[in-house]
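This report concerns only the one structure given below.
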């Protein structure tokens, strides 16, 4: 009954006399206007009555002209070219199973709540009308209905789901994530994972606006965690490569998770000291480490005293410099 109430109200409103309630007019020129207005009202009543009867017979759905349908920004879900082509060809061969949902406009005609791509397909196929169900809810109810109608569609990306829930949060800032999850019929854990898109770097979100299907909720959650850990730059680079097709999602997460590039360790410098053709000593130095390797232990013991004297002298000079 709720789906046909809007039409019934229109019929009742249209059938109310407007001119009869006005003060009598005797100018002959107004007589023609009376007749034209009466004819116009009669035609409107007839059209709306037929639509009402059609809606009752069709379980609430009526046939609407495509020219009466108007799109509201933000309600259209994204659909790949392949998916849209499949939808169009299916409708070319088969009847429309699920009517679109519309809502009456104050300016006349109807605003589309859901079914944008079905309407596009009908236009391409040259069909003048489409079956529709009328929704007489508020603006917020219409927007929420459009989002929830698309929420569980397999071709709605996780990023689009995030955008929908973000829009609801902005409309109802006092609603908790737990309450939103309950109303949507999803688990709080899933909603939390979807909302992780919010923490991604701005350039990543810009790429997702163009390619919303390139990053799923699990990968986005991992990337968001890395961003919070201070790896936003690595996340941006990894997602840029993902957008170019150089990486898949798992590889992109791995690339963003890899340790930051560190300076290569300093190589040891080696000096070989010879006694004629024989090796007397190998000297190796790496940063603050000095290593001497003699050919025999006796020579090492003999030189150690001289090395100690040199080190003590340098320590004394170093202390004087500090003082």
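In the numbering used here, the protein residues as written are 125 to 447. Beta carbons are placed, not taken as given, at the ideal position from N, Cα and C, and that holds for glycine.
Residue i: first and last residue of the uninterrupted beta strand (DSSP E) it sits in
{"i": "residue 300", "result": "No beta strand (DSSP E) contains residue 300, which DSSP labels as neither H nor E."}
{"i": "residue 234", "result": "234-238"}
Same chain, Cβ closer than 6 Å to residue i, five either side skipped, listed in chain order
{"i": "residue 415", "result": "408"}
{"i": "residue 227", "result": "235, 237, 259, 266"}
{"i": "residue 317", "result": "341, 345"}
{"i": "residue 320", "result": "344, 345, 348"}
{"i": "residue 358", "result": "380"}
{"i": "residue 417", "result": "406"}
Cβ neighbour criterion (16 or more within 10 Å) applied to residue i
{"i": "residue 332", "result": "buried"}
{"i": "residue 455", "result": "In the structure displayed, the chain extends from 125 to 447; residue 455 sits before or after that span and is not available."}
{"i": "residue 288", "result": "buried"}
{"i": "residue 282", "result": "buried"}
{"i": "residue 145", "result": "Note on residue 145: pLDDT 47, under 50, position unreliable in the model; no value is reported."}
{"i": "residue 397", "result": "exposed"}
{"i": "residue 399", "result": "exposed"}
{"i": "residue 280", "result": "buried"}
{"i": "residue 360", "result": "buried"}
{"i": "residue 435", "result": "exposed"}
{"i": "residue 147", "result": "The predicted model places residue 147 with a pLDDT of 46, which falls under 50 and marks its position as unreliable; any figure quoted below should be read in that light. Per the 10 Å Cβ criterion, exposed."}
{"i": "residue 376", "result": "buried"}
{"i": "residue 339", "result": "buried"}
{"i": "residue 300", "result": "exposed"}
{"i": "residue 395", "result": "exposed"}
{"i": "residue 441", "result": "exposed"}
{"i": "residue 225", "result": "buried"}
{"i": "residue 362", "result": "buried"}
{"i": "residue 374", "result": "exposed"}
Cβ-based neighbour list, residue i, same chain, cut-off 7 Å, excluding 5 preceding and 5 following
{"i": "residue 355", "result": "380"}
{"i": "residue 241", "result": "203, 208, 211"}
{"i": "residue 392", "result": "408, 409, 410"}
{"i": "residue 220", "result": "242, 254, 255"}
{"i": "residue 336", "result": "202, 281, 283, 284"}
{"i": "residue 189", "result": "252, 253"}
{"i": "residue 205", "result": "none"}
{"i": "residue 311", "result": "305"}
For residue i, the residue or residues it bridges with in DSSP
{"i": "residue 413", "result": "410"}
{"i": "residue 254", "result": "188"}
{"i": "residue 398", "result": "403"}
{"i": "residue 393", "result": "409"}
{"i": "residue 225", "result": "238, 257"}
{"i": "residue 418", "result": "405"}
{"i": "residue 194", "result": "235"}
Residue i CB to nearest heavy atom of the ligand GTP below 7 Å
{"i": "residue 350", "result": "In terms of ligand content, the structure shown is empty, and the ligand GTP therefore cannot be addressed."}
8 Å Cβ shell around residue i - same chain, five flanking residues per side excluded
{"i": "residue 419", "result": "402, 403, 404, 405"}
{"i": "residue 326", "result": "none"}
{"i": "residue 438", "result": "none"}
{"i": "residue 215", "result": "242, 245, 246, 249"}
{"i": "residue 444", "result": "none"}
Segment limits, alpha helix (DSSP H) that includes residue i
{"i": "residue 362", "result": "356-367"}
{"i": "residue 295", "result": "282-295"}
{"i": "residue 201", "result": "Counting along the chain, residue 201 falls outside any alpha helix (DSSP H), and DSSP gives it neither H nor E."}
{"i": "residue 382", "result": "Counting along the chain, residue 382 falls outside any alpha helix (DSSP H), and DSSP gives it neither H nor E."}
{"i": "residue 316", "result": "312-318"}
{"i": "residue 347", "result": "341-350"}
{"i": "residue 330", "result": "326-334"}
{"i": "residue 205", "result": "205-217"}
Selection from the options that minimises the alpha carbon distance to residue i
{"i": "residue 329", "options": "194, 364, 228, 191", "result": "364"}
{"i": "residue 390", "options": "412, 359, 232", "result": "412"}
{"i": "residue 196", "options": "399, 433, 229", "result": "229"}
{"i": "residue 84", "options": "231, 357, 246", "result": "For the chain, the structure presents residues 125 to 447; residue 84 sits outside this window and is missing."}
{"i": "residue 231", "options": "397, 193, 361", "result": "193"}
{"i": "residue 223", "options": "312, 184, 311", "result": "184"}
{"i": "residue 367", "options": "334, 300, 425", "result": "334"}
{"i": "residue 448", "options": "443, 248, 302", "result": "Outside the shown range of the chain (125 to 447) lies residue 448, about which nothing can therefore be said."}
{"i": "residue 233", "options": "296, 191, 206", "result": "191"}
{"i": "residue 324", "options": "430, 351, 426", "result": "351"}
{"i": "residue 383", "options": "353, 370, 372", "result": "353"}
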